[in-house]
Amino acid sequence: MTTVMLMLALQAFLRKELARDATTVPVIHLGALPNQTEAARQDAVFPYIIIRPVEGDSDNEEGTTQIKLIFGTQTNDDSGFIEVFNWMERVRVLLMRQRIMEKKYCIEPEWKWKFLEDQPEPQWMCQALTTWILPQIRQEVKTI
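Going by the numbering used here, the first residue of the sequence shown is number 1, and it counts up by one from there.
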């Protein structure tokens, strides 16, 4: 549940912040791109950001979760790789400036990115892996 709440917080944060300084705002999805139903075909698909959980870990001290951010765009020329990197860099700057999401999720400073070698032109994709520290779950002792 906590990872899902982090994903929802990221989605809301990115929608708000990217709308401030961009003429084109990417569509932000949780988990994967939506199914291509007839109604969805009318919606803009590109550019997009997918927020996807990868793995998590927790012990008595803290919990962590890895979130993959997948960036995609489509262009009619060879500038697509620049556009997709610009989206990724813009998101990195926003997250590293903020660092703490909703006063409870803290991003680690390490940012790993990967440009996918096989690109389905004219579409371009890259991904970034982020690690987040989650709020600690405290034991509750009920009094009788």
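For glycine and all other residues, C-beta sits at the position ideal for the given N, C-alpha and C.
Would you call the stretch 113 to 122 and the stretch 58 to 65 in contact, with 3 or more CB pairs under 8 Å?
no
Cβ-based neighbour list, Leu30, same chain, cut-off 7 Å, excluding 5 preceding and 5 following
Hits under 7 Å: Met7, Gln11, Ile51.
Would you please state the rounded distance, in angstroms, between the beta carbons of Ile70 and Met125? I believe it to be under 8 Å.
7 Å
From Pro109, Ile137, Ala19, pick the residue whose C-alpha is nearest to that of Gln66; which is it?
Pro109
To the nearest angstrom, how far is it from the Cα of Pro135 to the Cα of Gln98?
17 Å
DSSP bridge partner residues for Met101 (one or two, in chain order)
Tyr105
Please name the residue, chosen from Thr130, Lys142, Gln139, that lies closest to Pro53 on a Cα-to-Cα basis.
The candidate whose alpha carbon is nearest that of Pro53 is Thr130.
Using the Cα positions of Asp77 and Ile133, report the straight-line distance between them to the nearest angstrom.
When rounded, the distance between both Cα atoms is 40 Å.
Own chain, CB closer than 8 Å to Met96, minus 5 neighbours either side, in chain order:
Ile107, Pro109, Trp111
Tell me the residue span of the alpha helix (DSSP H) that contains Val4.
2 to 21
Would you decide whether Val93 is buried or exposed? Buried here means 16 or more other CB atoms lie within 10 Å of its CB.
exposed
Sequence ranges, beta strand (DSSP E) only - wholly within the stretch 38 to 101, length at least 3:
Correct list: 48 to 58, 63 to 74.
CB contact flag (Gln127, Lys114, <7 Å)
yes
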